[in-house]
Every structure is written in structure tokens, then in C-alpha cells.
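Q: Sequences listed follow chains V and U, in order.
Whatever position you read off the first sequence (first residue = 1), add 49 for the working numbering.
Whatever position you read off the second sequence (first residue = 1), add 845 for the working numbering.
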Amino acid sequence: MKKWLIYGAIGAVLYAFPWIFPNSYLIHLAQGFLYTYMVVLGLNLLVGLSGQLSLGHAGFFAIGAYVSGLCTNAGMPFVISMVIGMGVCALAGAVVAMLSLRAKGPYLAMVTIAFGLLIEIIANRWVDVTGGPAGMYLPEPDLFGLPLGVVPYYWFICLLTLAVTVLADNLVTSRIGRTFQAMGNSEVAAATVGVNVRNWKVLAFALSALIAGIAGTLFAFQNAYFNSDSFTFDKSILFLVGVIVGGAGTRLGPVVGTLIIYLLPQLVQSLYDYHLLIFGGILLFSLIALPDGIVGGLMRLKKPTQAGQRQTDAAVAESDEIGWASEEPNAELAMEKVVMEFGGYRAVDDVSFACQGPEVRGLIGPNGSGKSTTVNLLTGVYAPTAGKIVWNGRDVSAYPPHRMAKVGITRTFQNLQLFTELTVLENVLVGFHLHYRTGFAANLFHTAGFKREEQQFREKALSLLAFVGMAHKAEETAANLSYGEQRLVEIARAMAVKPKLLILDEPAAGASHYEVEKIMKVIRKLKSIGISIILVEHHMEIVMNVCDRITVLDFGKKIAEGDPVHIQNHPQVIEAYLGGEEVRKLVVGT
Amino acid sequence: MLQAVVSGLILGSIYAIIAQGYYITYITTRTMNFGQGDFLMLGALLGLTSYGAMATSGMPTVLSILAALLIVAAVMSLLGWGLERVAIRPLQHAHSIGWILSTVAVSIMIRNIAMLIWGRNVIPFPSPFGSEVVRIGDVGITRHELFIAVCAIVIMACLFFFLNKSLLGKALAAVAFNADAASLMGINPRRMAVLAFALSCALAGIGGILVGPITNTAFFMGATLGLKAFAAAIIGGLENPLGILLGGLLLGVIEQVFSLYNSAYKDASAFVLILIVLIFMPQGLLGKKVKEKF
């Protein structure tokens, strides 16, 4: 309710603006501010939330402007043209995302730069269609026959801006926003809980482009004229400046960022010869002084609130009750002669082993013996060079991580991969990814079904956290936890996937003695509810205590397999860990 | 056609020189100077002014060219040092893309200053070698283009020698490989970062002098050239200097060949090329594919 009050107040102020300042220059300025803000808001979804990068957003802005302009000039009503413009933009965004799926960092930046510049070149040079630098003239926009003069057009922009803001905010606070953020924090972890990272990246790009397209249309019809000078690379940079200086990933950041990139240049415009100097100086200063952006910096100043108290009291007590267990504990895993080569080096060499659930299987071996590679193979992070991985009768060798999660295999990470910017509770909520039933629209409009489901999964997440003894930290940001705590949260997140096979990659590394005890207890509990576990671990105390059977790797080959007692006395295992015959003589003295 | 290929190779070698600057800073600091183009512009204008001053004071041509090159390299290195201190180091631990914007911020300030000093108009930059054309078979090459080719070969040779053979170059490589381990070996990674940026800016400056006579010299000339050099680096593979050389040459040739048909195609071809390369080889032509370990 409070939310709607705020939106209502903003709406009232925006509505009243033309009466308070009945000045066409100011109204014009306000229009420009609003659509620029919209682009920044959309870019913030992409850059701030899902951790992608676009240095070509002026391209989407341009597509929105040209497509809707051309449609209107072809005789279509303004609103229809706008919708078509949005659609084409979303499509273009999806295409750019698909082109750049495998590209990362500077390479991704280059793809988006190339896209933006191509659009700019087309706008400039395809004069027959776009009008080029001479521009394109448009009729006055109308709303189903109702002509939109300066002030009504301003109100129309206000309405759209509010709608976009509310819907974007809804998305951010729904599972969609969480998934975006999770993907931005750790792609591989998102994939192992079942997120199809490729599709979600495309979605993020398409959404962001669609919003830029709306803004482009609004810009085009503002003066019933525009030309190709408005869609330069500098403009793309400017949009990004708005996101970063405002505060990437924050909800108020785009407003503040747009103030900086839109109103500041208007203020210093009179100093024409120096305005780049001033703007560059301010930009540089703000980046150095406020690396998290203005809003991000202010939020850091504010003391951390008592959010932790909110709704965790109910479930603080550690519980063994776990409704979210594996219901059908059939887990038959077989690795058949699996080989993994990295440029000629065989990290895993012809390894076969079988695992029949529910059991706890230890996977041990000295450093460099191929344990982590095996884990990466079993969870789809790598695809084997040769050999087969069979899971419940199905060949899953070529499955990517999110499909492995779907068939019931998930994992934790040796080098922790929590979604560091999310809270502990949200981390677990992302783990439920495969079990949400509400669709995109329900999340966009925060329907009753969405709220019910959200509440339901929050309770389940809390009970999972209680299961690993972390419920009291549910509202803490994941980055603030200790190593051991982070490992427990990773286990809770993995359990949310409802796995049949859970692979724990060195869950006790870096944990304190107390935490090691806790982790052991959790592993035993997991086994008791029927989840099969593959445990990779160096702490022999844990391995020998909780494992039913142990598989030993050395130099990528399996050298032994059997129960803990068998392994402890296996000569080859001792040799692998302690060295050859001479060392044994030295140590044992015989 | 052959003519276009030859002039493409020459243009491409300039892209490659500028792009090596991206390589050097990327491997040592994982950042780049997104304003490389404006540093190039500054190099061109500075070179023009200093060469003009010396030439009118009666110094022999060759000597004044060398002096201009030295002056530009020195000034640009100094600026590179400043850039690292102002725009890179303070942001090292901040948001991962802050450096893109901070280097852009510095570059637009430089652009503004250059506009105040040299004015808004295109300044003629006559080649010190005149505009005579040397004919080799069907292909005509201006003497300045020959000069570019010679310079490019010398600079590349020096650069490869420096990176692969000299102790300092090896220290740079060590920081690139593992900054922590390098610092345990007594290498100061920060000093290496400064060195990398100084070198990178000096390369941009020299590139500016070379490209000046074959393009429009003015305060706004940098942006496109900087982006194309970046494209060259990405096409070749940002972490492979040989790939960058290849990427630069390829880009230059394709541009010149397409400009035979239409100047709009010329600019577009560069970016279409990069999209095609990145779709099939997301690490660039000679980039190494790395498997991430989890």
C-alpha cells in the first residue's frame, strides 16, 4: 500500500508540473528527462542487475524512433506504431544477445559497440528511408484520434514512464529480478540450480531494448522531427554514465543518474567551449569519489537496518523436519570410461564408476588427481572428451548444467559461488528456480497467485535454512557470511533444487572446527532423507566417518574403490598420498 | 583492387600499432584506455605543431621528424602515467566497468582542451615527404605511406623484442600472468601498470603522427580511429599481439576494398566483420580459449 502512495504522489507531482511551470521550454525539458530516464532504467536492468554490458543502447533508441516513425508515416496510428517499434527493439535486443552469448568482457563490449555503430551508419547513410542527417518529419501524435499537443503529450509520457517504472520495479522484486541478479553474480551457480543462462541473458537484453524502444518513440514524436545526429556512440556512453553514476543496480539510481546526464549538460550548455571539460571532470570525480554511484554511496552511508528481524523469528530454531526432501530416491549414476582432455593433457583418464543411491560416495585423491574435473563433468560444466555419463538410464554426457539440475543433479562449489549481492534467503529462493509455476506476466503484475507462491517458497526457504542451521541469518547479505556459513547456505540452495544427487565439492575447506561438525551433521541428515551424495573432501576425518564407499583418483585414473576400511589399508592409496616404497619405509620404519 | 589491398595494409598497420596499446594495458591490468582515440588525436596535433616549429626553424626534415616523434612519445608517456594514476588506480577495486567510463571522462576532457588549443577546424597536415607517388607495377604508394610501412615494421619489431626478450618485458608478462606471484618476485605491479599505460599512450601518439597526413587532423578525429583500433584488437584476440597485428591488417584491407564500392560500406564493413568473427570465434581469431575452473 505504501508503495502505491509513493507512486500516486509522484504521479500527482508529474501531473501538476505543467500548471506550476506553464513554460513550454520547461515542459520540453521534462519530456526529455522522462524518456532519457526510461532508457537509463532499462539499461540498469541489464548492466546493474544482470551484469551484462551494453555500449550500444543508442542503437535500440534509434530503432524505436525510426520504426515507429516509419510506421506512422506509412499511415498507421501512433499507438500501433509505438507497439511495433517496441517489438522490433525487443527482437533486436534478443539478436544482439544471441550474437554475443559466448563473448565476455571486452568482447561483449565490442559486439554492442559494433551494433550501435552499425545502426548509426544505417541511420546516417540509408537516406532514402531514414532521411539521414536531413531528418524525418512526422505527423503530430494522437491517441486514438485525440491529438496530443505539448502538454497532453507530456502527460502521455508521464503515464508511460510511471507504468514502466512500476512494472520494472515489480520485475526486480520478483523471482525474475532475483534470477537476473543471480546470473550477474555467478553464471555457473545460476546454471547449476537450473537457470538456462542463455535464455535469461536474451530476456534481459530484449527487455532492456524494449524499454529503450519506447523511449526512442517518445523522443521521435516530441518535436515531430528528428535526424540521425541523435544516435551516436557518445549517446550510448552517456546512457551508461547515467547507470553507473546514479548507482548500478539500485532502484533510485536511474533517476539520479538521469539528472546528471540530462540536466547537467543543459545547465553548463552556456559554457559551450568548456562543457565537455566540465562534464568529464564531474564524471571522473564522481567515479573516483563514489565508485558505487551516488545512490549506492548514500546507501552505504546509511547504517545497515534491522532487516534481519523481519520474519525470521518464527523459524530460528534448528529443525530436522524437512518436507522438501527427495520423494523418489532412485539415483543410479554411472560414469563409463570417461576421458577429459585439456589441450592434450588428460585430467580425467578413462574413469568408470557407478553409484547406486541412496549412498554417500567419497571422492578423494591428492591435488591434481582430477576430482574437480570429475565434479565439473558430472554437473555438465564440462562435456567429456570421450566416454559416457548415464543417469537413471539416460545418457546425460552432453547436458549443460541447467539440464543436469533439471534431471536432479546439482552441486556446491569448492571456490564459493554464492550470489553475493543477494540475501541468504534470496539465494535459497533462486534455488527453487525449477519449481516456480507462475509465469512472466504474473511476476510482472504481482498477481495474487504470484504473492501466494512467493510466500509459500519463502517459508520453504526458511525451513531449508533452518535445516542447515542458518535461518537466523536469512536476511543477511551473502557476502557478509564466514566461509563455513557460506558453504552451509550453498548446501541449502542446492537442496532447494530438490536434487536426487547432490555433489559437495570440498564443503569443509576453510571451515572452522565447529563448522566442520555442523557440516558433517548436515550430510548425515541429507543421507537420512534419501538424497545421494558425492563428497569431494580433503578432511579425512569427515570422509572416513560419513562415506559408505570411497573412490580414489590419482593422476586422473581410478586407483581404488571400496568402503572406508578397505581404502585406509589400500597400498596404492597410501602410496598416492604418502609417496612410494622408500617413503613408506621412512615413515613406518620397516 | 591490388591498390586497395596495399593501402589497406598500410592503414591496417596503423590500427595495429594503436591496438597494441590496448593489448599491453589489458594483459597487465585487465583494463584499457577507452579514450585511446583521443590520445591519438593529441599525438597527431602535437606532432604537427612540434614538427612545424622545427621545420620552420630550419632543421633538416629527417631530424625534425625524429625529434617530433620523440617529443610526442615523451609527452604521451607522461600523460599515460597520469591517466593510470587518475582514472585506473583509484577504480581498481570498484565496480568492474568503472574504468571504461573514467578513461572516457579523461578523453573527453582532452578533446575539449585540444579544441581550445587548436580550434574547431580541420588542420592540414602535409606529409614531410611531400605527396609524390612511387609506382611499383600497377600500385601507387605515396612516400608517406612508405614511411608508415617502415615505421610500423620498426615499431612492431621493437615491441616484440621488448615484450619477449627484455627483462622489463618479461616482468610485464609476469604481472600479466599472476600479479601476486610477480610482486613476491620483487616486481612492483603498480609500476608495471604505469609502464603499460605510458607505453600504450606513446603508441597512440606515434600512431597519430603516422595517420595524420592521410586523414583529417582535428580535435574530433580520435573517436572513430580509437574504436576501429579496438575492433582490430578484438578481431585478432586481445591477448595475442600477433593476432592484433593480423586483426589490424585484415580490418584495414577489408575497409579499403569495400570503399571501392561505397564509402558507407567502408565504415559498416569493419563492424560487420567484427560481428561475424565474434559469432564464430568469441575469443578473436588467435585468442586462446580458456576453460574456467570451478
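Using N, Cα and C, we set each Cβ at its ideal position, and we do this for glycine too.
A quick note: this is a predicted structure, and the numbers were derived from the prediction, not measured.
1. R573(V) versus chain U: which residues are under 8 Å apart at the beta carbon?
2. In whole angstroms, what separates the C-alpha of L891(U) from that of F884(U)?
3. Would you give the residue range spanned by the alpha helix (DSSP H) that S972(U) belongs to?
4. If you follow the alpha helix (DSSP H) that I962(U) is in, where does it begin and where does it stop?
5. Does the contact criterion of 3 or more C-beta pairs under 8 Å hold for the region 572-584 of chain V versus the region 386-402 of chain V?
6. Within this structure, are the beta carbons of V622(V) and R227(V) separated by less than 7 Å?
7. From the beta carbon of P340(V), is the nearest beta carbon of chain U less than 7 Å away?
8. Report the option in F70(V), V294(V) and G108(V) whose CA atom is closest to the CA atom of V93(V).
9. From the DSSP output, read off the bridge partner residues of R410(V).
10. My guess is that A545(V) and A510(V) are in contact by the Cβ rule of under 8 Å, so how many angstroms apart are they, rounded?
11. Taking H521(V) as the reference, which of L474(V), S235(V), A491(V) and A490(V) has the closest Cα?
12. Closer than 9 Å by beta-carbon distance: list the chain V residues that pair up with L1131(U), in chain order.
13. For N416(V), tell me which candidate among Q80(V), A625(V) and M159(V) has the shortest Cα-Cα distance.
14. Do you know how far the Cα of I945(U) is from the Cα of G411(V)?
15. Which residues of chain U have a Cβ atom closer than 7 Å to the Cβ of G330(V), listed in chain order?
16. Can you give me the C-alpha to C-alpha distance between D191(V) and L54(V), rounded to a whole angstrom?
17. Go through its chain and collect everything with a Cβ distance to L102(V)'s Cβ below 7 Å, but skip five positions before and after it.
18. Quick one: Cα of G1129(U) to Cα of A1115(U), how far?
19. Once the 5 residues before and after Y431(V) are set aside, which same chain residues still bring their CB inside 8 Å of it?
20. At the 7 Å Cβ level, is I286(V) part of the contact set with chain U, yes or no?
21. Shortest alpha-carbon distance to E534(V) belongs to which of A497(V), L465(V), I591(V) and K574(V)?
22. When DSSP builds the beta bridges, which residues end up paired with L550(V)?
23. Among K500(V), S130(V), M453(V) and R536(V), which residue has its Cα nearest to the Cα of L187(V)?
24. Per DSSP, T526(V) is paired with what?
25. So what does DSSP say about A273(V), is it helix, strand or coil?
26. Based on DSSP bridge pairs, tell me the residues matched to P196(V).
27. Determine the DSSP secondary structure at F1005(U), reduced to helix, strand or coil.
28. Per DSSP, what kind of secondary structure is Q405(V) in: helix, strand or coil?
29. Taking the C-alpha atoms as reference points, what is the distance between A65(V) and L333(V)?
30. At the level of alpha carbons, what is the spacing between G1132(U) and L854(U)?
31. Considering only the alpha carbon of each residue, which of A1041(U), G1088(U), L1105(U) and T1062(U) lies closest to N878(U)?
32. Is the CB-CB distance between T600(V) and P450(V) below 7 Å?
33. Taking the alpha-carbon of H482(V) as reference, which of K455(V), L336(V) and V538(V) has the nearest alpha-carbon?
34. Who does I616(V) pair with in a DSSP beta bridge?
35. Would you decide whether W963(U) is buried or exposed? Buried here means 16 or more other CB atoms lie within 10 Å of its CB.
36. Mind checking if I343(V) is an interface residue toward chain U, Cβ cutoff 7 Å exclusive?
A: With the structure as the only source:
1. None at all; the shortest Cβ gap to chain U is about 26 Å.
2. 10 Å
3. Taken as a continuous stretch (DSSP letters only), S972(U) belongs to no alpha helix (DSSP H), as it is neither H nor E.
4. G943 to W963
5. no
6. no
7. yes
8. One detail in the question is off: residue 93(V) reads as Asn in this sequence, not Val. It is V294(V).
9. I583(V) and R598(V)
10. 7 Å
11. L474(V)
12. Neighbours of L1131(U) on chain V: none; closest Cβ ~13 Å, over 9 Å.
13. A625(V)
14. 46 Å
15. M954
16. 30 Å
17. V96, L157, A158 and T161
18. 14 Å
19. M389, T422 and N425
20. yes
21. L465(V)
22. I458(V) and S581(V)
23. S130(V)
24. T472(V)
25. coil
26. D191(V)
27. helix
28. strand
29. 36 Å
30. 21 Å
31. A1041(U)
32. no
33. K455(V)
34. Beta-bridge pairing links I616(V) to no other residue.
35. buried
36. no
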